[in-house]
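Residue numbers (this note's numbering): 923 to 1701. In this text, a Cβ means the ideal position worked out from N, Cα and C, and glycines have one as well.
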Amino acid sequence: MTLLRKIYEIEGVVQGVGFRPAIYCLAFNAGLGGWVKNCSGKVRMALEGEEDKINEFIISLDFKLPKQARIDSIRNTDATNIDCISKFKILESDIDSSVKVSIPADLAMCRDCEKEITDPLNRRYKYPFTTCVNCGPRYTVVNSMPYDRCRTTLKNFPLCKDCEKEYTDPLNRRFHAESTACPVCGPKLFITDSKGEELKCNNPIDKAVQEIKAGKIIAIRGIGGFLLAVNAYDRSAVENLRERKKRPHKPFAVMAENIKLAKNYCEIDSKEESVLNSTASPIVILKLKENTNIELPIDLLTPDSKTLGVMLPYSPLHKLLFHKTGLKVLVMTSGNRGGEPICIKNKEAFERLNGIADYFLCHNREINLRNDDSLCTVQNNQIQLWRRARGFAPEPIKFNYSFNKTILAMGAELKNCIALAHDKEVVVSPHIGDLETSEAVDGLEQVVKCFPEFLNQQPKTVVVDLHPDMHSTRLGEKIAEEYNIPIIKVQHHHAHAVSCMAENGLDKAFAVVFDGTGLGTDGKIWGAEVMHIDGGNYSRLATFDPVPLPGGDKAVFNPVRQFVARLNAAGIVMSDKMMNRFGITNSEYQIWKMQCDKRINSPETHAAGRLFDSFAACLNISPNKITYEGQGAIRLEAEACKFNDWSEKLLDLPFDIMENSDVDMLYVNWNKMFEFLYDKLKDNSIEKLQSQIPLLAYSFHNTVVNSAVEMIKFALGKFPKEKNVVFSGGVFMNKIITYLLTEKLKKIGLNVFIHQKVPPNDGGIALGQSVICNKIISE
């Protein structure tokens, strides 16, 4: 009988997911000897035994892995004859500077751990930091790689005798579970008052529940940072939270005790239920049920739409807030002030959430890297991420080709994520957020520092947005100068388009990119683009006719300015009666008109997002001062969703299409639509117009889609052999636009692709930047 030792290198999701213990058990049961160990991102494994048994083991391995593990490649690197089989072992991790690293994502609590914390006879009963190889924090507690306990924030908690026994027992599910702990040796929970002074109580969770029931706001330190919680049924508590957070309208997400309860309020299909119960456990945007007596104050939770962001308890701490306490649904919103990142340190929370939280439910398991709750929805019957964070990031996006150099992509100003491209993958960071505060920029700088260190990849090129004033661009320039490496600038909408193409495996395609802003190569604001992408190059083929933004960014936050600009572009002078209707003084009107006419602080914009703003303002459904990005468009979509009388003919809202031979592009001009609307406003009272708003809103969506079809038809005239179209940009978070345009393009024989792995908003920009940069440096 010939015995062999065969050595393998395995890549994929193989660290922090119970991979080595699983290999141990499988090898033991198969009668094989050898060893397995982590090696800076890969797993190396030696199998000893008869060749047929070893080959059978490798062939069947994919079907016997832990739920969270995934093998992307397995390579035999050596084979030698041996005299006898050794006992299979798990060896200490190697730190090999030449090998790439994969950072594991944080995982929601597994069913086994849930059973333990709710079993009075179990030693981990009601212990809020219960984890095993199948669940718990990973990314957020990592200090360095490879992922072992000694390189996490759990190193401060030496294992007790019982935990050590579990940790070293290959047949135990806590074998090498790096974040494992128990009440004897693990992190501790405590509760403080609003000033951060610890309160003496037997059970901090019981105290928190008591105060939530009394209408108080509790800041809860979770896996990736603090969340602010109130009883979702308590109207005054929700109002108080909105007032203290200075968040009058932006929707709040809720955490429901279980899926059955969530179904009382929301329509949940099998795909949505699956992702709610997944190990990522994100917030899922769900449609509210109609004609149901809902005890929740929906008008306060989600004032602008008939959808609700729902998640289930994803950590032991969250589960214990509901377990036999009487709480059913909690508002769970980011523990921050407007524009700031979520708090992760206790002291930081005491300072930054002072005046918001009445109590702080804290613990002493340090969070090294913040990680928001992920957010997703279902579009075109596919799960689509809108915020890629806990549970999904930083899992890499794989490619079938190698990147020539390690590329650091800095992303955009809003919804910022960075990315590091190397070998055959792009690792996109968890959501960092809008870079409008110093705290947010500090968070960006921390991730930019940690990512290359953790992944053992020194950037050789930096890629940034074309806009010079973005904080991400400035930081990218600073890094490029510091390391003396090249910097490449990529146009915003080109990056949008390629991000969708990249995750769908396309190298050539038409792209419809509709969003709110992005600097174009001509110095103007783009955002309603149809492009043809070919590798690292693009042709801009069609767009919306530009209109001025009186006051620049002020017009974005005060959409009625945009409506005035649209009327002015159409040659319409607003009457005094109409000014009164929209709450505009004559002096304001004259200033805005003058700004448009003379182009004083009035940059031109092509953006589709601004068209939505103008239309929403025209229908008087957008507030005079919007309180969060896209509010007018969200209200407009909500009104369109109310339209259900399909016997009524949709309005053919007029628009012009004009070919500009000088630049060989098609332009869509919306002047006639606003002439039509102004006439309708003049002829109808506000009360009479109210009943027509759903029809007008749906007709608007349909008309925008029709304009996009015309733009694509023009593009087909230039590239008749192209059959693929991708959608990107924040406008494609609109389900009506996405669905209607998909169906109409399919009818003319085109294949449509949308985002799934990265968001259609600016959270996907870094992926596109990475791929474009690689194309450029490869040419």
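Can you give me the Cβ contacts of residue i inside the same chain, cut-off strictly under 7 angstroms, excluding the 5 residues immediately before and after it?
{"i": "Ile1548", "result": "Phe1479, Pro1481, Gly1554"}
{"i": "Ser1019", "result": "In this prediction, Ser1019 has a pLDDT of 48, which is less than 50 and means its spatial position is unreliable; what the coordinates show is noted afterwards. Asn1378, listed in sequence order."}
{"i": "Glu1194", "result": "Val1206, Leu1208, Val1300"}
{"i": "Gly1108", "result": "Phe1051, Phe1079"}
{"i": "Gly955", "result": "Glu970, Gly971, Ile1007, Ser1008, Lys1009, Phe1010"}
Residue i lies in the beta strand (DSSP E); which residues open and close that run?
{"i": "Cys1085", "result": "No beta strand (DSSP E) contains Cys1085, which is instead part of the alpha helix (DSSP H) from 1083–1089."}
{"i": "Asn1326", "result": "Note, Asn1326: premise wrong, no beta strand (DSSP E); not H, not E."}
{"i": "Asn960", "result": "955–961"}
{"i": "Asn1624", "result": "That residue, Asn1624, is in no beta strand (DSSP E); its alpha helix (DSSP H) goes 1615–1640."}
{"i": "His1285", "result": "1281–1285"}
{"i": "Val1680", "result": "Careful: Val1680 lies outside any beta strand (DSSP E) and carries neither H nor E."}
{"i": "Glu931", "result": "925–935"}
{"i": "Asp1387", "result": "1383–1387"}
{"i": "Leu1377", "result": "Not the beta strand (DSSP E): Leu1377 falls in the alpha helix (DSSP H), residues 1360–1377."}
To which residues of the same chain is residue i closer than 6 angstroms at the C-beta, ignoring the five residues directly before and after it?
{"i": "Gly1458", "result": "Ile1694, Lys1697, Ile1698"}
{"i": "Ile996", "result": "Tyr930, Ile932"}
{"i": "Leu925", "result": "Ile1004"}
{"i": "Ala1433", "result": "Ala1419, Met1453, Ile1455, Val1648"}
{"i": "Glu973", "result": "Leu926"}
{"i": "Val1384", "result": "Leu1330, Gly1398, Ile1401, Ala1402, Ile1409"}
{"i": "Met1500", "result": "none"}
{"i": "Phe1466", "result": "Ala1450, His1528, Val1590"}
{"i": "Ala1184", "result": "Ala1178, Val1232"}
{"i": "Thr1625", "result": "Leu1575"}
{"i": "Asp1295", "result": "Ile1205, Arg1312"}
{"i": "Thr1247", "result": "Val1131"}
{"i": "Ser1650", "result": "His1418, Ala1419, Cys1422, Val1435, Pro1682"}
{"i": "Thr900", "result": "With the chain covering 923 to 1701 only, the question about residue 900 has no answer from this structure."}
{"i": "Ala1099", "result": "Cys1054, Val1055"}
{"i": "Gly934", "result": "Arg992, Ile993, Asp994"}
Is there a C-beta anywhere in chain B that falls below 8 angstroms from the one on residue i?
{"i": "Ile1634", "result": "Absent here is chain B; the protein component of the structure consists of one chain."}
Are residue i and residue j close, meaning C-beta to C-beta below 8 angstroms?
{"i": "Gly1685", "j": "Lys1337", "result": "yes"}
{"i": "Ala1449", "j": "Ala1539", "result": "Looking at the sequence shown, residue 1449 is not Ala but Gly. No; because the gap between Cβ atoms is not below 8 angstroms, this pair is not in contact."}
{"i": "Leu1029", "j": "Arg1071", "result": "no"}
{"i": "Ile1127", "j": "Leu1111", "result": "yes"}
{"i": "Ala1141", "j": "Phe1148", "result": "yes"}
{"i": "Ile1634", "j": "Cys1422", "result": "no"}
{"i": "Val1412", "j": "Asp1387", "result": "yes"}
{"i": "Ser1524", "j": "Pro1472", "result": "yes"}
{"i": "Lys1129", "j": "Ile1113", "result": "yes"}
{"i": "Leu1252", "j": "Val1152", "result": "yes"}
{"i": "Ile1305", "j": "Cys1298", "result": "yes"}
{"i": "His1075", "j": "Arg1287", "result": "Before going on, a small fix: residue 1075 reads as Thr here, not His. Yes, the Cβ-Cβ distance between Thr1075 and Arg1287 is below 8 angstroms."}
{"i": "Leu1489", "j": "Phe1598", "result": "no"}
{"i": "Gln937", "j": "Ser1066", "result": "no"}
Note the first and the last residue of the continuous alpha helix (DSSP H) segment covering residue i.
{"i": "Thr1395", "result": "1393–1405"}
{"i": "Ile1659", "result": "1657–1669"}
{"i": "Glu1609", "result": "1608–1612"}
{"i": "Tyr946", "result": "941–951"}
{"i": "Tyr1600", "result": "1593–1605"}
{"i": "Phe979", "result": "973–982"}
Is any non-hydrogen atom of the ligand ADP found closer than 7 angstroms to the C-beta of residue i, if you look at the structure I gave you?
{"i": "Glu1375", "result": "Among the components of this structure there are no ligands whatsoever, and the ligand ADP is therefore not found."}
Near residue i, what residues of its chain come up, given a Cβ to Cβ distance below 8 angstroms and the 5 sequence neighbours on each side ignored?
{"i": "Asn920", "result": "The structure shown does not extend to residue 920, since the chain spans only 923 to 1701, so no value can be given for it."}
{"i": "Leu1249", "result": "Val1131, Ile1134, Lys1135, Asn1153, Glu1179, Leu1243"}
Cβ contact (3+ pairs, closer than 8 angstroms) linking the segment 1038–1055 and the segment 1089–1107: yes
Stretch pair the segment 1347–1365 + the segment 1401–1413: three plus CB contacts closer than 8 angstroms: no
Inter-stretch contact (C-beta, 8 angstroms, three-pair minimum) for the segment 1589–1597 and the segment 1566–1577: yes
Uninterrupted beta strand (DSSP E) stretches inside the segment 1000–1080 (no shorter than 3 residues): none
Cβ contact check for the segment 1556–1569 and the segment 1653–1662: 3 or more pairs under 8 angstroms: yes
Three or more C-beta pairs below 8 angstroms linking the segment 1078–1087 and the segment 1263–1271: no
Contact between the segment 980–987 and the segment 940–953 (3+ Cβ pairs under 8 angstroms): yes
Continuous beta strand (DSSP E) assignments of at least 3 residues falling wholly in the segment 1400–1476: 1409–1412, 1430–1436, 1450–1456, 1459–1466
Segments assigned alpha helix (DSSP H), at least 4 residues, entirely inside the segment 1508–1579: 1508–1520, 1530–1540, 1553–1563
Runs of beta strand (DSSP E) wholly within the segment 1158–1184 (minimum 3 residues, chain order): 1176–1178
Three or more C-beta pairs below 8 angstroms linking the segment 954–966 and the segment 1008–1017: yes
Within the segment 1087–1138, ranges of the alpha helix (DSSP H) (whole runs, at least 4 residues): 1126–1135
Any 3 or more C-beta pairs closer than 8 angstroms across the segment 1317–1327 and the segment 1360–1374: no
Segments assigned alpha helix (DSSP H), at least 4 residues, entirely inside the segment 1478–1504: 1482–1491, 1498–1503
Completely contained beta strand (DSSP E) runs for the segment 1227–1284, where each covers 3 or more residues: 1229–1233, 1251–1256
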